[in-house]
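The listed protein sequences correspond, in order, to chains V and L.
If you number the first sequence the way the numbering used here does, the last residue is 202 and the count never jumps.
If you number the second sequence the way the numbering used here does, the last residue is 202 and the count never jumps.
No residue lacks a Cβ here, since even glycine has one placed at the ideal position from N, Cα and C.
Every value quoted in this text rests on a predicted model; they were computed, and no experiment measured them.
Protein chains: 2
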Amino acid sequence: MQRPMTDKHANADHPIHDLTARRWSPYVFSDRPVEPADLRSILESARWAASSYNEQPWRWIVATTADPAEHARLLSCLVEPNQGWARHAPVLGLCVAALRFARNGAENPAAHHDLGLAAGNLSHEATARGLYVHWMIGILPERARELYAIPDGFQPLTAFALGHLGDIEGAAEQHRARDLAPRTRKPLAELVFGGRWGTAAW
Amino acid sequence: MQRPMTDKHANADHPIHDLTARRWSPYVFSDRPVEPADLRSILESARWAASSYNEQPWRWIVATTADPAEHARLLSCLVEPNQGWARHAPVLGLCVAALRFARNGAENPAAHHDLGLAAGNLSHEATARGLYVHWMIGILPERARELYAIPDGFQPLTAFALGHLGDIEGAAEQHRARDLAPRTRKPLAELVFGGRWGTAAW
């Protein structure tokens, strides 16, 4: 049984774009593969994010269930609780930040931020294609570094699971409950300030 | 004279969503104000980004030319070269990362990344509304902290200029040239790896 999607729609206080309102991070993925053309477009979209000095401090290592051994290898770079649900996602990715500017070796203070900007594009493109992304900070960076020979100066920071929504009926209760819970956010008045910290802009 | 937009359209190797293809970072802004309703929706959209443990480690301080003194105050938190062009943008924002989890005080390793994810939503919503965003890492964080009484545990990391495109004919040559130059990116084969670092996934 497919689940109703209405509970996951952003309960926005001001009108926002449909792709932003519909995006959320599922725990229960279907094993239905992602079309290779979709996957390429999703990463292509990330490629076109803005970055400080156009450094493009993002690299991705991807694996799909089309190659089960590679998929299992990438899965092994996630912390155990993430492995439990992410194993069902047909596409897994490791997101790696380039910590220094290629042109002069100086530290890039925007490296993590810009990796996140690219992740925003990636999520947006996936949503536009009927797919879902779940970002994870819970990875095993040193295992990833060793397995994939990630060089110094590059930091494995996050991972993503990508795919179609799965059937929550057969899912573990904790994942089912999370996938059914409404999305919640702090009020905008606690996030956007004018003039002084803590003073709501509106 | 308005400029042609074609050169700024992403020269994508795989199809991507129109809002991603059209987004770019102008130096030359019009002084035409941004509608308050648009600004609220743009920040609302950022509010709905994903974040690690739903921490929402993002805060924004915004100023518009509707209050010139506040606009000038926020402008003064940018490094000099950014002040030169950003002063014309009708909306300026400071983006602040919450470095620790509110629930336990532990360091949030995703703080910068998630601020970037929210920035992705913000850019997307602005683009959908015919507006443009230019992100800056070039800020004066200690000045921002002092001016706005930003508490410990929060890091002013980036700023943005937001508005409509301006007339490049009257702009400084360096800004005019940058706004006319095509957008360039590394090839996808240098960014997306499979199996091993440096081995193109496709």
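Spatial distance of residue i from residue j (CA atoms)
i, j, result
"L:I137", "V:S52", "7 Å"
"V:F154", "V:T64", "23 Å"
"V:L9", "V:R183", "Strictly speaking, residue 9 of chain V in this sequence is His, with Leu absent from that position. Approximately 8 Å between the Cα atoms of the pair."
"L:R185", "L:N54", "31 Å"
"V:R32", "L:H17", "23 Å"
"L:V192", "L:H14", "14 Å"
"V:G84", "L:R23", "37 Å"
"V:L75", "L:P151", "39 Å"
"L:A149", "L:A66", "22 Å"
"L:E190", "V:W197", "41 Å"
"V:A89", "V:A201", "41 Å"
"V:A98", "V:N104", "13 Å"
"L:A46", "L:Q174", "31 Å"
"L:A69", "V:W48", "35 Å"
"V:A102", "L:E169", "33 Å"
"V:N11", "L:S25", "30 Å"
"L:F160", "L:W135", "5 Å"
"L:A171", "V:I42", "36 Å"
"V:A86", "L:D114", "20 Å"
"L:R178", "V:P81", "46 Å"
Simplified DSSP assignment, three categories, for residue i
i, result
"V:R129", "coil"
"L:L78", "strand"
"V:I139", "strand"
"V:I150", "coil"
"L:E44", "helix"
"L:H203", "Coverage of chain L is limited to positions 1 through 202, which leaves residue 203 of chain L absent and any answer about it impossible."
"V:A118", "helix"
"L:I168", "helix"
"L:L162", "strand"
"L:G84", "helix"
"L:M1", "Because the pLDDT of L:M1 is 45, which lies under 50, any placement of that residue in the model is unreliable, and the question is left without a value."
"L:P68", "helix"
"L:E107", "strand"
"V:R22", "helix"
"V:L191", "coil"
"V:L99", "coil"
"L:H9", "coil"
"V:A37", "helix"
"L:Q155", "strand"
"L:A49", "coil"
"L:R59", "strand"
"V:A200", "strand"
Residue i vs residue j beta-carbon contact at 8 Å
i, j, result
"V:L147", "V:R73", "yes"
"L:L140", "L:C77", "yes"
"L:V91", "L:L188", "no"
"V:L131", "V:V28", "no"
"L:S30", "L:L180", "no"
"V:V133", "V:A144", "no"
"V:L19", "V:A128", "yes"
"V:G204", "L:H112", "No information on residue 204 of chain V is available, as it lies outside the stretch 1 to 202 that chain V covers here."
"V:V79", "L:G194", "no"
"V:N108", "V:P156", "no"
Contact set between residue i and chain L, taken where Cβ atoms lie within less than 9 Å
i, result
"V:N121", "I16, H17, T20, R23, G120, S123 and H124"
"V:G116", "A49, A110, H112, H113, D114, L115, G116, L117, A118, A119 and G120"
"V:L78", "Those within 9 Å of V:L78 in chain L number zero; the least Cβ separation is about 14 Å."
"V:R103", "Near V:R103 there are no residues of chain L at all, since even the closest Cβ is about 13 Å away, more than 9 Å."
Per-residue contacts from residue i into chain V (C-beta, under 8 Å)
i, result
"L:A128", "H17"
"L:R32", "Within chain V, no residue comes near L:R32; the closest Cβ sits about 20 Å away, beyond 8 Å."
"L:E70", "G194 and G195"
"L:Q174", "Within 8 Å Cβ-Cβ: nothing; L:Q174 doesn't reach chain V, min ~15 Å."
Contacts of residue i in chain V (Cβ-Cβ under 7 Å)
i, result
"L:S41", "H14, P15 and I16"
"L:E44", "A12, D13, H14, I16 and L188"
"L:A201", "V62"
"L:W85", "Per Cβ cutoff of 7 Å: no residues; L:W85 is ~15 Å from chain V at best."
Under 8 Å from the C-beta of residue i: neighbouring residues of chain L
i, result
"V:F193", "R59, W60, I61, V62 and Y148"
"V:E107", "Going along chain L, no residue has its Cβ under 8 Å from V:E107, so there is no contact; the nearest lies around 11 Å."
Amino acids of chain V, ordered along the chain, whose beta-carbon sits closer than 9 Å to that of residue i
i, result
"L:S52", "W135, M136, I137, G138 and T158"
Contacts that residue i makes with chain L (C-beta to C-beta distance below 7 Å)
i, result
"V:P151", "W197"
"V:R185", "R47, W48 and Q56"
Report task. Would you check if there are 3 or more beta carbon pairs closer than 8 Å linking the segment 34 to 43 of chain V to the segment 115 to 124 of chain L? Result -> no
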